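Each number in my numbering corresponds to the 1-based position in the sequence shown with 841 added.
Quick reminder that beta carbons are idealized off the backbone N, C-alpha and C, glycines included.
Computed from a prediction, not measured in an experiment: that's the story for all the values here.
So the structure is just underneath, and the comments pick up after that.
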Amino acid sequence: MIDTPISNDFTANQLQHLALAGNEEQDSLPKNLLCFSHLRWDFVYQRPQHLLTRFSDIAAVYFLEEPVFGKTDVPYLTFSQRLPELWVCVPHLADGLTKDEVNAQLRELIRVFFINKKLDEFIFWYYTPMALEFSSHLSPGLTVYDCMDELSAFKFAPESLKGLEKELMTRADVVFTGGHSLFESKRNLHANIYPFPSSIDKKHFGQARESNYEPADQAMISGKKIGFYGVIDERFDIDLIRDIATQRPDWNIILIGPVVKIDPKTLPRKANIHYLGAKSYEQLPAYLSGWDVALVPFLLNESTQFISPTKTPEYLCAGKPVVSTPIRDVVNPYGTNKLVSIGKDGKDFVEAIAYWLDLRDKKGWLGGVDQFLSTNSWDITCADMIDYMTSVHDTRKVVKIGRQ
C-alpha cells in the first residue's frame, strides 16, 4: 500500500538551488537518488537538507526516513513532495514489531518502491549504516556514504553500528566526511574518501547583517544577547552555560533549538537564560540579527571528537563574533586564523565575550571573515561532490564494460 499526499507549496527560498543544468559531466550519473537517513527532514535544517535540495536540480531525490510506528495492519509509505524533484518518504509500521520484523517489512516496502524502476538508474546515499539491514541485498548504479558524524559515539547508538559501517565502507563507491578530523580518522578505510566540512548559505545568513529585525519573543528581551541555536543534547555543555549566566547576570543567554536525549530538568534555570524553543531555518537570520555574540558551547567527549559544527560559518556569515570550546574542527581553521575565540571554561568564555562586546571597530575582523568564507558555500560543496561521484561512476562503467 502506497499513500501519496502531495504538497506543491514551495517557498522562494526552497527553490533557490545550485543551477547545475547543462553541466556535461553530471549527465553520466544516475538520474535518481534514494537517501537513507537517521534524521527527520523536518527536525533541524542541516547538512542533508542543504545537499539534497541542491542534488534535486539534477536528480529525482527520495529522502527515506526511519519508520514511525502506530496502529496499522498493513505497512505503507507516505510521500510528501517538498520541491519539484524532492520527496520525503516515511515508512509506517505497526507497533510491537521485533527488529527482524521491522527490517523484513522495510525490505518489502523497498521492493514495492522499486516496482517499474531500475536499480542502476539510482544513487544510494547513506547517512546511516543501519539502513544496510534492509537494503544490503540491492545493487544501485552508485553508492555514496556521506559520513557527517561519528554516529557510534552518540548516546543510544546501536551496538551493531560499527560493524555495519565497515560493511558500508566496502560497498560505497565514494565516501564523504563531515569534517577534516573525521576524515583523518577514516582516511585509511576507503580508497575514495574526501573531507567536506560544514558550509554556508551566504545569501540566507547574510540577511542578519542588513538590519535588526528580531522576532517578538526575542525583541522583548533587553540588554546584551549571547546566543546559540542547534540541538540541545548530550553534546551541549550545560555547566558552561550555567557558569556564564552566573558570572554575568547582566547578559542574556538566548538558547534556540529542541531538547533531545537529555532530561530538560537538568538544564540551568536562571532569569538571564532564555529558552526560545525550536525555530525554522527561515527564522534563524532574524534571531541572529539581534545577537551580540554567538556561542559554540559543546563538551569535549566522544560524541564531539569529530564534529564540524555547521553553525560556526553560519554565525560568521551573519557577522557575529563567535566563542567556542576547543572543538578540533573549530580550532582549526577558525581559531588558528583568529576568526573565532576559543575558551575552555566559563572564565575564558566571559573574558572572550567581554572582549567582543567592548570591541567597537570590527571591520578588520569582519574583512578577514569574509575573505575566509569567500570560497565556502553549499553550492561549491555540492558541485565538488558531483565531480568526485562522476569520476568514480565513469570508472565503474569502464570496469564493467571491460569484464563483459
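By the CB criterion at 8 Å, Y1128 and I1082 fall outside the cutoff. The C-beta distance from F1139 to S1026 rounds to 18 Å, too long to fall under 8 Å, and the pair is not in contact.
From the listed residues F896, L1002 and K1203, the smallest Cα separation to C988 is found for L1002. W928 is bridged by DSSP to Y903 and Q922.
In the structure shown, the three-state DSSP call for A1049 is helix.
At least 8 Å separates the beta-carbon of A1049 from that of G1118. Taking C-alpha positions only, L1023 is separated from I951 by approximately 31 Å. Between S976 and F877 the beta-carbon gap is near 7 Å, inside 8 Å, which marks them as a contact.
In this model, K1152 and P1174 are separated by some 14 Å (Cα to Cα). DSSP, read as helix, strand or coil, puts I1148 in coil. With contacts defined by Cβ atoms closer than 8 Å, L875 and Y903 form a contacting pair. Within its own chain, the residues whose Cβ lies closer than 6 Å to the Cβ of Y1116, once the five positions on either side in sequence are excluded, are L1096, listed in chain order. DSSP, read as helix, strand or coil, puts K1003 in helix. Shown here, W1092 sits in a strand according to DSSP, grouped into three states. Counting along the chain, the unbroken alpha helix (DSSP H) around K1027 starts and ends at H1021 to K1027. In terms of CA proximity to V931, V909 leads the group G1205, S869 and V909.
For T1011, DSSP records no beta bridge to any residue.
Annotation: the continuous alpha helix (DSSP H) that includes P889 extends over R888 to F896. In the structure shown, P1109 falls within a coil segment according to DSSP collapsed to helix, strand and coil. Cα atoms of Y968 and D1091: separation of roughly 42 Å, rounded to the nearest angstrom. Here E906 is actually not in contact with W928; their C-beta atoms are around 11 Å apart, not less than 8 Å. When rounded, the separation of the alpha-carbon atoms in D1211 and H933 is 46 Å. For W1206, the closest C-alpha among the options P1162, A901, G1064 and L1198 is that of P1162. Look at K1065 here: in three-state DSSP terms it is strand.
For G1071, the secondary structure class from DSSP, reduced to helix, strand or coil, is coil. Between P1154 and T1107, the alpha-carbon positions lie close to 29 Å from each other.
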